[in-house]
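So in our numbering, spot 157 of the sequence shown is number 172, and the numbers just go up one at a time.
From the three backbone atoms N, C-alpha and C, an ideal C-beta is built for every residue, glycine too.
To start, the structure itself, in C-alpha cells.
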Amino acid sequence: MVKFMKNKKIGFTLIELLVVISIIGILMGLLVSQLGGILGSSENTKMQAVMRSWVIQLNEYKNYYGYYPPFLYQSSEGSPIMLNDPVDNQGRFLYSLKGKEKTESGWNDGDSYEIENKDKKEFHSFSEDEFDADGNLLGINSLRILVDHDRDGMIEMESDVVDDILNSLSPDYDKEEMNLIRSRIDQFSVINEEIAFYILNDNSGVSNVFSWNIDKYFE
Numbered sequence: 016m017v018k019f020m021k022n023k024k025i026g027f028t029l030i031e032l033l034v035v036i037s038i039i040g041i042l043m044g045l046l047v048s049q050l051g052g053i054l055g056s057s058e059n060t061k062m063q064a065v066m067r068s069w070v071i072q073l074n075e076y077k078n079y080y081g082y083y084p085p086f087l088y089q090s091s092e093g094s095p096i097m098l099n100d101p102v103d104n105q106g107r108f109l110y111s112l113k114g115k116e117k118t119e120s121g122w123n124d125g126d127s128y129e130i131e132n133k134d135k136k137e138f139h140s141f142s143e144d145e146f147d148a149d150g151n152l153l154g155i156n157s158l159r160i161l162v163d164h165d166r167d168g169m170i171e172m173e174s175d176v177v178d179d180i181l182n183s184l185s186p187d188y189d190k191e192e193m194n195l196i197r198s199r200i201d202q203f204s205v206i207n208e209e210i211a212f213y214i215l216n217d218n219s220g221v222s223n224v225f226s227w228n229i230d231k232y233f234e
C-alpha cells in the first residue's frame with residue numbers, strides 16, 4: 016500500500032513574521048545610528064580641516080602685516096570673538112583673508128572693512144562650499160576665535176571659557192575621562208598656538224570641533 020505523506024506546512028505564522036520584522040527593525044536602527052555617527056564624524060573632520068586652513072592663512076596674514084586682523088583684538092586674549100556677534104564680524108573676517116566684501120551678488124571691492132586688510136591682499140579664496148544658503152560660514156552660528164595678544168606663542172583661556180568647553184564636552188565622555196581632563200586643567204587651559212577656532216553646541220547639529228588637538232588630554 017502506498018502511503019501518502021501529508022504536505023508539510025510551508026511559510027511562516029503571523030508570530031514568526033512579526034519576530035522577523037522586529038529583528039529587521041532593530042538591525043536597521045543600529046545601522047542608521049552607526050551611519051549617523053560616521054556622517055557626523057566626517058562632517059566634524061571636514062570642519063576641523065577648514066579651520067586649520069584658516070589658522071595657516073591668518074598666520075600668513077600676520078607674517079605680512081605683523082599682526083592679526085584688528086577686529087580679533089576686541090576682547091581679552093582668553094575670551095573668544097564670536098564670528099557672528101556683532102554681525103559684521105564675519106564680514107571683517109572675510110575681508111581680512113579675501114581683501115573683498117561678500118554680497119548677495121558676489122565679491123566686490125568695497126572698503127567698509129578696509130582697516131582689516133589695507134592692501135586688499137588675498138590670503139584665502141573662499142569657496143561656496145564654505146557657506147550655507149544663508150551665507151553663514153560653515154553653516155555655523157557659534158564659531159569662536161581666540162588669538163594670542165602678548166605674542167608669547169600661546170593662548171591662556173579664561174576660566175569661564177574653559178568651563179563652557181568642558182560642559183559641552185561632558186555628554187561625549189564618561190565620568191572617568193572628564194575627571195582625567197580636570198586633573199590636567201592647567202595644561203588644558205593653554206592652547207600652544209597663536210590663533211585658534213572652535214565650535215561648541217550649535218543648532219546646525221555639529222558640535223565640539225576644535226582647530227587644535229584636545230584628544231591628547233584624554234590619553
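Distance between K113 and K136 (C-alpha atoms, nearest Å): 7 Å
My understanding is that E119 touches G125, with C-beta atoms under 8 Å, so please give their C-beta distance in whole angstroms. Between G125 and E119 the Cβ distance is about 13 Å, and since that is not below 8 Å, they are no contact.
Is E171 near E92, with beta carbons less than 8 Å apart? yes
Report the three-state DSSP secondary structure of D189 (helix, strand or coil). coil
Taking 8 Å as the cut-off, does the region 171-183 touch the region 203-210 (at least 3 CB pairs, one atom from each stretch)? yes
Going by DSSP, name the residue or residues bridged to K252. Residue numbering for the chain in the displayed model covers 16 to 234; residue 252 lies beyond these limits and cannot be assessed.
Do you know how far the Cα of I196 is from the Cα of L50? Residue confidence for L50 is low, a pLDDT of 35 falling below 50, so the modelled location carries little weight and cannot support an answer.
Taking Q63 as the reference, give the member of L152, D163 and V176 with the closest Cα. L152
Tell me, which residues are paired with M97 by DSSP? D100 and R159
Secondary structure of F138, DSSP reduced to three states: coil
Using 10 angstroms around the beta-carbon of I130, count the other beta-carbons present and answer buried if the total reaches 16, otherwise exposed. exposed
With H, G and I counted as helix, E and B as strand and the rest as coil, what does DSSP make of V221? coil
Looking at C-beta atoms only, is the number of pairs between the region 182-197 and the region 137-149 that lie closer than 8 Å three or more? no
Taking 7 Å as the limit between beta carbons, can you name the residues of its chain near Y213, skipping five residues before and five after? R159, V224, F225 and S226
Quick check on DSSP: helix, strand or coil for A211? strand
Whole-angstrom Cβ separation of L215 and S185, contact assumed at under 8 Å? Not quite, the Cβ-Cβ distance comes to about 11 Å (not below 8 Å), so this is no contact.
Report the CB separation of L73 from Y80 in whole angstroms; it is logged as a contact under 8 Å. Not quite, the Cβ-Cβ distance comes to about 10 Å (not below 8 Å), so this is no contact.
Check I200 in the structure and name its three-state DSSP category. helix
With 16 other CB atoms within 10 Å as the buried threshold, where does A211 fall? buried
If we ignore side chains and look at the alpha-carbon of each, how far apart do E209 and Y128 end up? 23 Å
With which residues is F146 paired in a DSSP beta bridge? L152
By alpha-carbon positions, which one of S68, K133, G121 and F86 ends up nearest to Q105? F86
Between which two residues does the alpha helix (DSSP H) containing L184 stretch? S174 to L184
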